[in-house]
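If you number the sequence shown the way our numbering does, the last residue is 594 and the count never jumps.
Backbone N, C-alpha and C define an ideal beta-carbon position, used for all residues, glycine too.
In what follows, a structure is listed as structure tokens, so that the remarks can point back to it.
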Amino acid sequence: MTSTMISTELAGSMDSLDLHDDDVYADGQMYLRQKRPLVIGISPGNPYYYKDSNLERLLLFAEQHAEEVKMFLPDVIGQHNYRAVGSANPERSSRVKANRLRNKVKSVMSANNLSNRKFKYVDWVKDIESMPEYEQSLVYIRELYATNETLREDVRETTEAALCCMARGRTKGENDDSTSVEIDIEEGANYLLKELAFFLCLQSAYDNFEQFVMIYHRDWPVLENFFHGHYDGVRRRYMGYMALDCEKMVPVA
Numbered sequence: 342m343t344s345t346m347i348s349t350e351l352a353g354s355m356d357s358l359d360l361h362d363d364d365v366y367a368d369g370q371m372y373l374r375q376k377r378p379l380v381i382g383i384s385p386g387n388p389y390y391y392k393d394s395n396l397e398r399l400l401l402f403a404e405q406h407a408e409e410v411k412m413f414l415p416d417v418i419g420q421h422n423y424r425a426v427g428s429a430n431p432e433r434s435s436r437v438k439a440n441r442l443r444n445k446v447k448s449v450m451s452a453n454n455l456s457n458r459k460f461k462y463v464d465w466v467k468d469i470e471s472m473p474e475y476e477q478s479l480v481y482i483r484e485l486y487a488t489n490e491t492l493r494e495d496v497r498e499t500t501e502a503a504l505c506c507m508a509r510g511r512t513k514g515e516n517d518d519s520t521s522v523e524i525d526i527e528e529g530a531n532y533l534l535k536e537l538a539f540f541l542c543l544q545s546a547y548d549n550f551e552q553f554v555m556i557y558h559r560d561w562p563v564l565e566n567f568f569h570g571h572y573d574g575v576r577r578r579y580m581g582y583m584a585l586d587c588e589k590m591v592p593v594a
């Protein structure tokens, strides 16, 4: 299947790029007002998410603004990052870190009486990895990464920054089984490429996700640029974006 065919099949509600279109933040505001489903990004390797107050703010925001919330805690694909920083057992490292954060989320949800009926985790193996649409999305993303220098540079720069933070955390005594602090950027890039493929196919994974809002604690330039068509000229209007700790975040009317 060619890149052109994949791009057309995955287009869905995408429009051709118009630089005068509202950005993903404006779409996020609109979809929040419409009570569209939310996807919460929860990063196991990010210290931000180990503070109860930050998790509480994120979860209560979601509780207020949506009837359906998917919590995206990248556990399976996290092994790419641990492999990239030299973990002797990247699968175990990723699983342990993710489970630790899941326990914190569970505690915060319980303390705030948040319903498990509304908040559901993305099951990577069952919900995503087994879908043909995900495989098609990943092929498209990998081909774009291979052929688009701007995307490649942005992904590598973002990946390098994240991996360097992980490596520094290990040298400061974090309890893990790493054998090296050298980083493998190409291995780590797989993590971000799979995240992009996930968002590209999300409409097919769940009912009622024709439009949705991704909620994160900060801006995410690669994801924002991809959905705005910066890399392939295709504006994807079905995802809005909100960053809780970003100057672009404004109150929802």
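Judged by their CB atoms, S478 and L401 are not nearer to each other than the 9 Å cut-off. The residue from A403, I381, G427 and N444 with its alpha-carbon nearest to that of Y391 is N444. Assignment of L485 by DSSP, reduced to helix, strand and coil, places it in the helix class. Minimum Cα-Cα distance from I383 among the listed residues A367, F553, F413 and V365 corresponds to F413. Residue C505 holds the alpha-carbon nearest to the alpha-carbon of G386 among C505, Q544 and A367. P473 and A530 have their C-alpha atoms some 22 Å from each other.
Looking at E490, R398 and A439, the one whose alpha-carbon comes closest to that of I556 is R398. From the listed residues A407, A502, S394 and V575, the smallest Cα separation to A425 is found for A502. With contact defined as three or more Cβ pairs closer than 8 Å, the stretch 433–442 and the stretch 483–492 are not in contact. DSSP, reduced to helix, strand and coil, places K411 within a strand of the structure shown. V575 is positioned such that its CB atom lies no closer than 9 Å to that of H406.
The DSSP assignment places no complete run of the alpha helix (DSSP H) inside the stretch 422–446 (cut-off: 4 residues). Under the three-state reduction of DSSP output, V463 falls in the coil class, being neither helix nor strand.
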